[in-house]
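Number of protein chains: 2
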Amino acid sequence: MNLLNDESLLSHDRAHAQADAPLYERLAAHYRRVIASGTLAPGDRMPSVRALMSRHKVSLSTAIQVFRRLEDGGWLQARPRAGYFVRRPAASKLATVAEPDIPVLPEPARYVGLHERISRVIERAQAFPDALNLGGATAGAALYPTERLQSLASRILRHKPTLLTEVGEDGGAAELRQAIAKRALTADVTVAPDDVLITSGGVEAVNLALRAVAQPGDTIAVESPAFFGLLQILESLGLRALEIPTSPTTGLSLEALDIALTACPEIKAVVAVPNLQNPLGCVMPDTRKAELVALCARRGVALIEDEPYRELVEAAQPARPLKSWDRDGGVIHCASLNKALAPGMRLGWMSSGRWHARVRLLKFAQTRHNESLAQFVAAEFIGSGAYDRHLHRLRDKLRVQREASADAIGRYFPAGTRLNLPPGGLLLWVALPDGRSSDALFEAALPHGIRIAPGSIFSNSERFRSFIRLSCPVPFDERMDAALRQLGRLAAGIA
Amino acid sequence: MNLLNDESLLSHDRAHAQADAPLYERLAAHYRRVIASGTLAPGDRMPSVRALMSRHKVSLSTAIQVFRRLEDGGWLQARPRAGYFVRRPAASKLATVAEPDIPVLPEPARYVGLHERISRVIERAQAFPDALNLGGATAGAALYPTERLQSLASRILRHKPTLLTEVGEDGGAAELRQAIAKRALTADVTVAPDDVLITSGGVEAVNLALRAVAQPGDTIAVESPAFFGLLQILESLGLRALEIPTSPTTGLSLEALDIALTACPEIKAVVAVPNLQNPLGCVMPDTRKAELVALCARRGVALIEDEPYRELVEAAQPARPLKSWDRDGGVIHCASLNKALAPGMRLGWMSSGRWHARVRLLKFAQTRHNESLAQFVAAEFIGSGAYDRHLHRLRDKLRVQREASADAIGRYFPAGTRLNLPPGGLLLWVALPDGRSSDALFEAALPHGIRIAPGSIFSNSERFRSFIRLSCPVPFDERMDAALRQLGRLAAGIA
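Listed in order, the protein sequences are those of chains A and F. Okay, so the first sequence: first residue is 1 according to full-length UniProt numbering, each after it adds one. Okay, so the second sequence: first residue is 1 according to full-length UniProt numbering, each after it adds one.
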């Protein structure tokens, strides 16, 4: 298939339901896919403006806008007098984070005792409210469609003023459940609107999923490192965590999970973040996703999939969730709009397979239905072409921010620093050399007005004490550059 | 103190922070308090228009507006050629619901097994979506300040467009926590804004409170009858309920609670709704509230106070929550704006005494912070005089609706029907005569387009099977009258 001609562009567009986007946006999206799929590789020369005009029968100004969008998005690089070339990914000079060892026997499952440590970290950070926050996992408001959502909200309120004063719908607004079910189709997930349950962010979804499948004292297999919020949920529910080694490139080790499931038949569930794992940033290859679903089904263990970041993955095709391989309702799929669309709307959702009825009871008894207005705003935005256009821009901006930050880390951090540059999102997982303490770096950075996330909060063990999670929430500017230079200096000075 | 002169009116007004209300509103509020306090009793003649003009130095038109407001609110009744008289409460012709027996030994604590029964009731009702819903506990949108909230929301969004796209504040927006802490002062509760935690409705607050003080398998003392949502929470958390007889006039029986605490030292907490108990509608006298707090403190048992309805109580002074007697942090106070201000905003809050830190962890791990916009809208509305004006109107309208419904029940229901007419809210608790089955009445009413709440869902026992909870959510009109007539006929025909 020739990806560079008109026909394929149009068919791609149909598939991505972006028919209402301006022509230059559609063409730019087309070339992003061409580059992401490898048809145009890093260093390749981009077809000329003239070639674009004749190939796609567009005007000069449209062709120029396409180039501008791609350059702004960091996909192309202009070389004076030579034309445009596909940009090489940056930061390749740093070695990637090492793969974990797979022990013959798993560690024992343990109750989580992290909340105090995490609270101390948060409390310390709050003493420096003006610090540049590189310790969070949410992009700045400037990366989200703030004005569009605001005007949508006002318009919807004018048309449905009783949204604030009428009891909402159990399970969530039908409009939003429908929009989510429809969009799930693009990721090969078939789910009925009635199977979608709207939650207060992805956190509540994971919480409900765990309550549905486990009782206090039960054991849950989790990735190591894992999002500290998940470990706090386990702690708050009195569940034991069994940490499974997780590859910074291919995700949860299926080999290690297999060993753990054999050694500990009391494991009730596995929680995995297959797309842009937090903090590693890795995306599980599809073959391994399918294997994970099959393994859990074979062992009769619930598989809880947490994916706040899936829409941020850069790939030629939408990244697939584990749920798309689920045949017997054994996967509880938890997702959220916090990272992809609007951190302030607190919207998550879940599709709970064979635990649907129990999850509905738990949700009803826990928080009833969600606040209505945000649901209607999200339904309308997701249902329109605007959502895909926003996501394209968001992914582009985040890539530029990630790469610039990774470049700066390569320049400023001590030799031996290792780093994963993930295919999406805003998180970098950085290994400090020579076992330097990231807790010490966290403490040293605060008085310099810089907040980071120390590796110690991502595991119930001590094993990530010389890692840090750095986010790239805002456009890379002098303040970011200076902060990373300062961090590098501080890291060099730490034992 | 002469309540009828200018000075006391002004001082009252200061206390109620309504200085910005129009003069006739302030005067009407003054006379409502005079009537509620009994200074002007039912049947008393209201001072004349002329007397009002000279006493308060107001114009004829202002005086007339005062009379109109009081008449609309059902406080006064015009008698042709005789003037205005304080209205007698209606429905006095029905006997009140009988007081419960206080057994010498409590029933055993039992796990709650109500969810299926409740689900069946809800599912059956949903098959008749056009039915007049007298089974809910929320007033219709017309009783809430829909337009005002809508325009507030739009204005706030214009000024703070990033509310939708920025991460909210842990624990809730400072503005709302402050507004709530300030308002709590009017009910003799001193709480710092930092002690207030914003939740997803009152349901989440009670949920968090129970999770903070109890583990699965523990026993919780609850009122009998109790709000079915509370029983569902206990069921979802694997807690046992010990039902304490509750008086339809004075609330939770302290005698029975004392017996239960002696017989079952394993009781971890008591949950009580002291103001407008659901479904009974009773308000605990202040002396008993104080005794309940002291009893729980003496016994070392957590006291969880659920009060979605406090602001709907009609009394000369704001009704006091149990929390106002708490001296050692043993009371967890849970409240909500769902019934008083805006059912669609899903805002609740809690003040957790000595469990504050644990409740914060649980909330963070359960749903993080709330959606932001509704919090800012509520903060602004509560902080203004508009909230008190809205509550006056809401209470007036609900009283008229309650009394008209109670009148109609007296006219149409079979002889021997008993009824509580509560001092606020929208719920009537009705005892059918001769042990008629309310489940049968529920079923019989649906095909006639009428939905009620059968007593069977308000207890883990069978003891309320011939009770129904009827709500008065909308202005009494021909449809309501016809529905109650039909219900009466059906009740007469049931064995």
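The beta-carbon is built from N, C-alpha and C at its ideal position, and this holds for glycine as well. Only a predicted model underlies this, so the values are computations on that prediction, with no experimental measurement involved.
Distance, Asp-170(A) Cα to Ile-304(A) Cα: 23 Å
If you compare alpha carbons, which of Ile-64(F), Ser-351(F), Arg-399(F) is closest to Pro-473(F)? Arg-399(F)
Cβ neighbours of Gly-229(A) in the same chain (closer than 7 Å, five flanking residues each side left out): Val-203
Assess contact between the region 229–248 of chain F and the region 101–113 of chain F, defined as three or more Cβ pairs (one per stretch) separated by less than 8 Å. Is contact present? yes
Return the residue from the list Val-97(F), Ser-48(F), Arg-81(F), Ile-35(F) that minimises the CA-CA distance to Gly-74(F). Of Val-97(F), Ser-48(F), Arg-81(F), Ile-35(F), the smallest CA-CA separation from Gly-74(F) is found for Ile-35(F).
Three or more C-beta pairs under 8 Å: does that hold for the region 380–393 of chain F against the region 144–157 of chain F? yes
Glu-462(F): buried (16+ other C-beta within 10 angstroms of its C-beta) or exposed? Classification of Glu-462(F): exposed, given that the 10 Å Cβ count is below 16.
Should Phe-376(A) and Leu-197(A) be called a contact, given that it needs their Cβ atoms to be closer than 9 Å? no
Inter-stretch contact at 8 Å, needing at least 3 Cβ pairs: the region 286–295 of chain A / the region 123–138 of chain A: Contact fails between the region 286–295 of chain A and the region 123–138 of chain A, because fewer than three Cβ pairs, one in each stretch, are under 8 Å apart.
Where does His-369(A) fall in DSSP's three states? coil
Using a beta-carbon distance cut-off of less than 7 Å, what residues from the region 111–145 of chain A approach chain F? His-115, Thr-138, Ala-141, Tyr-144
Assuming the contact rule is C-beta atoms closer than 8 Å, Gly-435(F) and Ser-456(F) should be a hit. Round their C-beta distance to whole Å, please. No, Gly-435(F) and Ser-456(F) are not in contact; Cβ-Cβ is about 13 Å, not under 8 Å.
Which residues does DSSP pair with Tyr-111(A) in a beta bridge? Arg-240(A)
Check whether the region 333–345 of chain F and the region 109–128 of chain A touch, using three or more Cβ-Cβ pairs below 8 Å as the test. no
For Thr-146(A), does the count of other Cβ atoms within 10 angstroms reach 16, so buried, or fall short, so exposed? buried
For Ile-122(F), three-class secondary structure by DSSP: helix
Report yes or no: is there a C-beta of chain F within less than 9 Å of the C-beta of Arg-393(A)? no
Quick check on Arg-346(F): does DSSP put it in helix, strand or coil? coil
Residues in the same chain with beta-carbon distance under 6 Å from Ser-352(A), minus the five sequence neighbours each way, listed in chain order, please. Ile-332, Val-359
How should Ala-91(F) be labelled, buried or exposed, when 16 other C-beta atoms within 10 angstroms of its C-beta is the threshold for buried? Since pLDDT at Ala-91(F) reaches only 48, below the 50 mark, its modelled position is unreliable, and no value is offered.
Quick one: is Pro-274(A) buried, meaning 16 or more other Cβ sit within 10 Å of its Cβ, or exposed? Buried, by the Cβ-count rule.
Interface residues of chain A facing Thr-250(F) [CB-CB closer than 7 Å]: By Cβ distance, chain A contributes nothing, its closest Cβ being about 29 Å from Thr-250(F), past 7 Å.
Near Gly-425(A), what residues of its chain come up, given a Cβ to Cβ distance below 7 Å and the 5 sequence neighbours on each side ignored? Leu-276, Gly-281, Tyr-309, Leu-312, Leu-398
According to the neighbour-count rule (16 or more other Cβ atoms, all chains shown, within 10 Å of its Cβ), is Met-350(F) buried or exposed? buried
Of all the options Tyr-31(A), Ile-450(A), Ala-109(A), Gly-168(A), which has the alpha carbon lying nearest to the alpha carbon of Val-86(A)? Tyr-31(A)
C-beta neighbour in chain A for Phe-364(F), strict 9 Å: Taking Cβ atoms only, chain A reaches closer than 9 Å to Phe-364(F), which makes this a yes.
Let me know the secondary structure DSSP gives Lys-182(F) once reduced to three states. helix
Could you name each continuous alpha helix (DSSP H) segment of 4 residues or more that falls completely within the region 258–335 of chain F, going from the start of the chain to the end? 286–299
Below 8 Å on C-beta distance, what does Ala-263(F) contact in chain A? Ordered by position in chain A, no residue passes the 8 Å Cβ test against Ala-263(F), which lies about 27 Å from the chain.
Does DSSP put Thr-250(F) in a helix, in a strand, or in coil? coil
In this structure, does DSSP put Thr-138(F) in helix, strand or coil? coil
Going by DSSP, what residues sit across from Gln-77(A) in a beta bridge? Phe-85(A)
Just to confirm my understanding: we take Val-66(F), look at its own chain, exclude 5 residues before and 5 after, and list those with CB closer than 6 Å. What are they? Tyr-24, Leu-27, Ala-28
For Ile-452(F), which of helix, strand or coil comes out of DSSP? coil
For Val-104(F), does the three-state DSSP call read helix, strand or coil? Val-104(F) falls in the coil class under three-state DSSP.
Give the secondary structure of Val-189(F) by DSSP, where H, G and I count as helix, E and B as strand, and everything else as coil. coil
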